[in-house]
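Numbering-wise, the sequence shown is residues 6 to 252 according to the working numbering.
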Amino acid sequence: MRNWAKRVFLTFDIDWAGNEVLADTLSILNEYNVSATFFVTHDTPLLDLMRKDDAIELGIHPNFNNLLFGGDTVKKSMGEITCHLKEMVPEAVSVRSHSLTQNTRLLDHFVEIGMTHEVNLLIPKNSGIEVKPFRSWNGLIRTPFVWEDDVHAFCFSNGTEKDWSVERFLDAHGLKIFNFHPVHVFLNTETLKRYEICREFFNNPVQMLKQRNSDAVTGTRNFLLRLIQQGKDRGMEFGKIGEIQCP
Ligand SMILES: [Zn+2]
6 MRNWAKRVFL TFDIDWAGNE VLADTLSILN EYNVSATFFV THDTPLLDLM RKDDAIELGI
66 HPNFNNLLFG GDTVKKSMGE ITCHLKEMVP EAVSVRSHSL TQNTRLLDHF VEIGMTHEVN
126 LLIPKNSGIE VKPFRSWNGL IRTPFVWEDD VHAFCFSNGT EKDWSVERFL DAHGLKIFNF
186 HPVHVFLNTE TLKRYEICRE FFNNPVQMLK QRNSDAVTGT RNFLLRLIQQ GKDRGMEFGK
246 IGEIQCP
């Protein structure tokens, strides 16, 4: 699987989304019957449902932020944080850190706990770099990704991204991994302001739905739907991170 032109990889950082919000993203993938990788942050009955679906890969999404920035919770070591997630998702071979935290000792630790793939490097389209997977010193396959919903919303807010079209991303040569968050799919987030307004409703999907961006062109949900529809129209395959091979 080294011809990247015809492949798309959808990934989702669950980021403690409520069940209704996560189920909403799952229903889109199910409707279009496309594969995807989910990076898990917490236990939910939906994990078993996802596990039974061959189209879905479960990876882990450890949050090291309290170790770096302090926080009101009891401090845990990097190993305690990842072990907790590995107990929840023992089959996981793929990892993306919350806030994309990376560090050489962390990469070695990921290998020690059985990870084969790591997805923490964002290499944006405007870099002009043709993205490929590569192996680090410890054998870990690093698979950079090219797009993230909240980063695009940030750039759309400040004017450095002009639109939410998918064509230039699908046209790109090289590895095409996209990173979504179920909450931004649910809200059809187009600016981070929308996400901030909804912070107080995050446990209330009815209230959140009222705040959904109803524009038919902009936003994360529209981007995901068009990516799937146009990818399928172009005969592209949707893959899972753990399947990516590299020399
Ligand atoms: Zn995250």
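All C-beta atoms in this analysis are idealised placements derived from N, C-alpha and C, irrespective of residue type, glycine included.
(request) Could you tell me which of Leu90, Gly84, Ser132 and Ser99 sits nearest to Leu111, measuring between CA atoms? (result) Gly84
(message) Please report the distance separating the alpha-carbon of Ala22 from that of Leu126.
(response) Going from the Cα of Ala22 to the Cα of Leu126 covers about 23 Å.
(request) Alpha carbon to alpha carbon, how far is Gly76 from Ile61? Give it in angstroms, no decimals. (result) Cα-Cα distance, rounded: 33 Å.
(message) Between Phe161, Asp48, Arg147 and Ile233, which has its C-alpha nearest Val94's C-alpha?
(response) Asp48
(message) With DSSP as the reference, identify every bridge partner of Phe139, one or two as the case may be.
(response) Listed as beta-bridge partners of Phe139 by DSSP are Arg147.
(request) Could you check if Ser132 is buried or exposed, using at least 16 other CB atoms within 10 Å of its CB as the buried criterion? (result) exposed
(message) Any heavy atom of ligand 1 closer than 8 Å to the beta-carbon of Asp154?
(response) Outside the cutoff, so no.
(request) Could you check what DSSP says for Gln234 in three-state terms: helix, strand or coil? (result) helix
(message) Going by beta-carbon coordinates alone, are Pro149 and Val124 separated by less than 9 Å?
(response) yes
(request) Could you spell out where the alpha helix (DSSP H) holding Ala28 opens and where it closes? (result) Asn24 to Tyr37
(message) On the criterion of 16 or more Cβ atoms from any shown chain inside 10 Å, does Ile249 qualify as buried, or is it exposed?
(response) buried
(request) In angstroms with no decimal places, state the Cα-to-Cα distance between Leu192 and Glu117. (result) 37 Å
(message) DSSP has Ala41 in a bridge; who is on the other side?
(response) Ile61
(message) Using a Cβ-based criterion (distance less than 8 Å to any ligand heavy atom), does Ser104 qualify as near ligand 1?
(response) yes
(message) Once the 5 residues before and after Leu105 are set aside, which same chain residues still bring their CB inside 6 Å of it?
(response) If we look at Leu105 and ignore the five residues flanking it on each side, its Cβ neighbours are Asn125.
(request) Return helix, strand or coil for Asp154, following the three-state DSSP convention. (result) helix
(message) Taking 6 Å as the limit between beta carbons, can you name the residues of its chain near Asn184, skipping five residues before and five after?
(response) Thr16, Phe150 and Glu153
(request) Using a threshold of 9 Å, state whether the C-beta atoms of Ala158 and His189 are closer than that. (result) yes
(message) Cutting at 7 Å between CB atoms, please list the residues of its own chain near Gln234, excluding the five before and the five after it.
(response) none
(request) Give every residue of the same chain whose Cβ lies closer than 7 Å to the Cβ of Ile128, excluding the five residues on either side of it in the sequence, and list them in chain order. (result) Same-chain partners within the cutoff: Ile134, Val136, Pro149 and Val151.
(request) Could you check the C-alpha separation between Asn38 and Gly244 for me, to the nearest Å? (result) 12 Å
(request) Can you give me the Cβ contacts of Arg231 inside the same chain, cut-off strictly under 7 Å, excluding the 5 residues immediately before and after it? (result) Val171
(message) Between Arg199, Lys91, Leu63 and Asn24, which has its C-alpha nearest Asn208's C-alpha?
(response) Asn24
(request) Starting from the Cα of Arg101, find the closest Cα among Leu63, Lys130 and Phe74 and give me that residue. (result) Leu63
(request) Answer with buried or exposed for Gly236, where buried requires no fewer than 16 other C-beta atoms within 10 angstroms of its C-beta. (result) buried
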